[in-house]
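Quick mapping for you: the protein sequence lines, in order, are chains A and B.
Counting in our numbering, the first sequence runs from 6 upward without gaps.
Counting in our numbering, the second sequence runs from 15 upward without gaps.
The beta-carbon is built from N, C-alpha and C at its ideal position, and this holds for glycine as well.
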Amino acid sequence: MPDLRRDFDSRDDLIAYCTEQFPESADVDDHVSDTLGGRHEAEAVLADVEPRAYAKTRNMLNGAVTGLSPYLHHGVLSLAEVRDDLLQRFGPQPCSKLINELAWRDYFRQAMAEIGEDVWQDREEYKTGWAAADYADELPPDIEQGETGIDFIDAMARELVETGYLHNQGRMKLASYLVHWRKVRWQAGAEWFLSHLLDGDAASNNLSWQWVASTFSHKPYLWNQGGLVFISDGRFTGNAHDGSSPFTGEVPEIAERLYP
Amino acid sequence: MSRSAVVWIHEEDLSPNSPALQAAGASTPAVFVIDTGWLRDERISLKRVVFMYECALELPVVIRKGDPPEVVSTFAQEHQADIILATATPDPRLRRQGDALQAEWIEPPPFVVLPKAPDLKRFSRYWRKAERKAFTPTENQ
């Protein structure tokens with residue numbers, strides 16, 4: 006088994022080599038992210054984290070999210086060292102929201118250690134009124150190709166595939182649309198995300214999908230047009246090309262429309 | 015550390031500060047294997063491979079591709095090593111592969127050290143037990 010190359014003239018050289026060595030991955034999709042791998046880059050990203058801005062704006066699509074997740078997933082940075090660094094630079098109070106989010110990752114990892122291979126199984130029943138068998142197995146092609154006609158859904162699908170990253174709100178709302186509006190099993194979406202997310206790990210990814218689906222939470226995660234317009238600062242309406250929207254009304258009304 | 019050890023770097027351990035690398039010492043041969051079965055089965059796209067590859071280039075490792083248990087086992091034979099060190103992970107596939115290699119798992123520093131295992135059914139239950147420790151630096155855990 007020969008060693009793979011370690012010397013590259015440029016990133017393009019590395020990309021060409023990976024394309025040649027891993028043709029099946031290039032066939033799945035051959036976009037490359039602007040996010041650079043490596044500890045040097047990870048430390049630069051960590052140095053730029055602004056915990057106060059994060060706490061205030063993290064739920065906005067253009068908010069001050071950290072971009073740390075690909076490095077955390079691959080162990081380039083550990084949760085403990087990120088926490089230690091933040092505490093040292095800022096003290097506990099400004100970091101409270103960010104450290105809480107780091108704890109979610111630790112929680113998902115601990116839960117996966119307990120769950121093991123069953124991380125692909127529903128942890129609990131759906132709390133939607135539908136049985137697991139009522140949900141479709143396959144990812145609908147219009148979603149995968151970003152051709153639903155709904156501005157937000159299509160933009161998120163394209164961003165996932167082209168950049169390997171989605172804002173948490175983008176992930177949750179896209180997941181919710183797939184499971185609850187389109188009635189597709191969460192597993193189909195989780196697999197799709199893992200193909201593309203640089204930070205894709207079965208712990209955070211699958212258990213978050215299950216949280217949205219309600220197989221790992223008390224109730225399904227739903228959202229509406231007002232929430233979308235707010236978090237996107239008006240960038241998205243959630244409307245289809247013809248101006249109609251499946252996201253109108255308050256969340257309880259939407260639940261009435263979607264569930265038996 | 016015994017001179018007859020090698021380090022298996024897996025996808026969740028792509029740091030120059032890898033706990034397994036640190037436990038093994040600087041002169042211990044190490045290998046990162048890009049798992050082609052996983053890429054195929056889970057349809058892992060090129061951007062993920064490039065990102066992992068870039069991470070691995072900052073580590074003192076040999077990079078190979080194939081089935082990790084097979085490749086690491088060959089690598090250990092090449093170095094007449096009878097010990098394989100790897101950083102512990104909760105990922106079921108990596109655990110299965112490490113167990114097949116009879117790897118010695120090196121535990122990374124935990125995020126929180128708790129007196130007993132928390133209830134993991136919901137985050138809120140975990141958080142009630144873990145919150146104070148989450149804001150405690152590693153050295154005081």
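Grab the span of the alpha helix (DSSP H) containing G232 (chain A) for me, first residue to last.
Element bounds for G232 (chain A): 230-236.
Which bits of chain B does H36 (chain A) rub up against, with CB to CB less than 9 Å?
Correct list: S59, L60, K61.
Any residues in the segment 113-136 of chain B with a beta carbon nearer than 9 Å to a beta carbon of chain A? Which ones, in chain order?
Listed in sequence order: P122, P123, P124, F125, V126, A131, P132, L134, K135, R136.
Do the CB positions of G72 (chain A) and V50 (chain A) come within less than 8 Å of each other?
For G72 (chain A) and V50 (chain A), yes; Cβs fall inside 8 Å.
Contiguous alpha helix (DSSP H) assignments of at least 4 residues, all confined to the segment 142-216 of chain A:
Qualifying alpha helix (DSSP H) stretches, in chain order: 146-149, 156-168, 173-181, 191-201.
Taking the beta strand (DSSP E) that W125 (chain A) falls in, what are its first and last residues?
Annotation for W125 (chain A): no beta strand (DSSP E) segment contains it, and DSSP assigns it neither H nor E.
Straight-line CA distance for S16 (chain B) to A144 (chain B)?
Confidence at S16 (chain B) is low in this model, with a pLDDT of 46, below 50, so the placement of that residue is unreliable and no value is reported for it.
Taking C-beta pairs closer than 8 Å, name the residues in chain B that T24 (chain A) reaches, listed in chain order.
Near T24 (chain A) (Cβ distances below 8 Å), the residues of chain B are L60.
Can you name the residues of chain D whose CB is closer than 9 Å to the CB of V76 (chain B)?
Any reference to chain D falls outside this structure, whose protein chains are A and B.
According to DSSP, which residues form a beta bridge with G72 (chain A)?
Note: G72 (chain A) sits in no beta bridge, so no partner.
Quick check on T101 (chain B): does DSSP put it in helix, strand or coil?
Looking at T101 (chain B) - three-state DSSP - the assignment turns out to be strand.
Closest Cα partner of R262 (chain A) within the set A:T133, A:D8, A:R94:
Of all alpha-carbon atoms in A:T133, A:D8, A:R94, the one lying nearest the alpha-carbon of R262 (chain A) is that of A:T133.
Kindly say whether S18 (chain B), judged by its beta-carbon, lies nearer than 8 Å to any beta-carbon of chain A.
At least 8 Å separates the CB of S18 (chain B) from every CB of chain A.
What does K79 (chain B) pair with, by DSSP beta-bridge criteria?
K79 (chain B) has B:I48 as its beta-bridge partners, per DSSP.
Neighbour flag for L28 (chain B) against chain A, beta carbons, 8 Å:
Among the CB atoms of chain A, one or more fall inside 8 Å of the CB of L28 (chain B).
For I23 (chain B), which of helix, strand or coil comes out of DSSP?
Here I23 (chain B) sits in strand by DSSP.
Under the rule that 16 or more other beta-carbon atoms within 10 Å means buried, what is A70 (chain B), buried or exposed?
With 16 or more other Cβ atoms within 10 Å, it is buried.
Examine chain A for any beta-carbon lying closer than 8 Å to the beta-carbon of M15 (chain B), and answer yes or no.
For M15 (chain B), the predicted model reports a pLDDT of 47, less than 50, meaning its position is unreliable; a value from the coordinates is still stated below. No, because no Cβ of chain A sits closer than 8 Å to the Cβ of M15 (chain B).
With W119 (chain B) as the anchor, note down where its beta strand (DSSP E) starts and where it stops.
118-120 is the span of the beta strand (DSSP E), which, as asked, contains W119 (chain B).
Give the C-beta separation of V37 (chain A) and K61 (chain B) to the nearest angstrom, bearing in mind that I take them to be a contact with Cβ-Cβ under 8 Å.
The distance from the Cβ of V37 (chain A) to that of K61 (chain B) is about 5 Å, consistent with a contact at the 8 Å cut-off.
Residues within the segment 76-97 of chain B neighbouring chain A, beta-carbon criterion of under 9 Å:
Within the segment 76-97 of chain B, the residues whose Cβ lies closer than 9 Å to some Cβ of chain A are V76, I77, R78, K79, G80, E84, V85, T88, F89, listed in chain order.
G80 (chain B) vs T50 (chain B) beta-carbon contact at 8 Å:
Going by C-beta atoms, G80 (chain B) is nearer than 8 Å to T50 (chain B).
What is the C-beta distance between A40 (chain B) and V21 (chain B), in whole angstroms, given that I count them as a contact (C-beta under 8 Å)?
11 Å between Cβ atoms; not a contact.
Any beta-carbon of chain B closer than 8 Å to the one on R88 (chain A)?
Closer than 8 Å to some Cβ of chain B, the Cβ of R88 (chain A) qualifies, so yes.
Interface residues of chain A facing W52 (chain B) [CB-CB closer than 9 Å]:
The contacting residues do not exist; W52 (chain B) stays about 10 Å from chain A at best.
The alpha helix (DSSP H) spanning P33 (chain B) covers which residue range?
Annotation: the continuous alpha helix (DSSP H) that includes P33 (chain B) extends over 33-38.
Reduced DSSP secondary structure (H/G/I, E/B, other) of P106 (chain B)
Helix, per DSSP.
Cα separation between L92 (chain A) and L103 (chain A)?
Between L92 (chain A) and L103 (chain A), the C-alpha separation is close to 11 Å.
Counting only Cβ-Cβ distances shorter than 9 Å, please list the residues of the segment 78-105 of chain A near chain B, keeping chain order.
Those residues of the segment 78-105 of chain A that come within reach of chain B (Cβ to Cβ, closer than 9 Å) are H78, H79, G80, V81, L82, S83, L84, A85, E86, R88, D89, L92, Q93, P97, C100, S101, I104, N105.
Complete alpha helix (DSSP H) runs within the segment 82-135 of chain A (minimum length 4 residues, chain order):
You should have 84-95, 101-120.
Return the CA-CA distance between L203 (chain A) and N64 (chain A), expressed in angstroms with no decimal places.
Cα-Cα distance, rounded: 20 Å.
Please go through the same chain and pick out, in chain order, the residues whose beta-carbon is closer than 6 Å to the beta-carbon of A148 (chain B), but skip the five residues on each side of it.
Cβ neighbours of A148 (chain B) beyond the five flanking positions: V126.
Residue-chain proximity (S200 (chain A), chain B), Cβ-Cβ < 8 Å
By this cut-off, S200 (chain A) is an interface position.
V204 (chain B) vs C100 (chain A) beta-carbon contact at 8 Å
In this structure chain B extends from 15 to 155, so residue 204 (chain B) is not present and cannot be described.
First through last residue of the alpha helix (DSSP H) which encompasses P7 (chain A)
Taken as a continuous stretch (DSSP letters only), P7 (chain A) belongs to no alpha helix (DSSP H), as it is neither H nor E.
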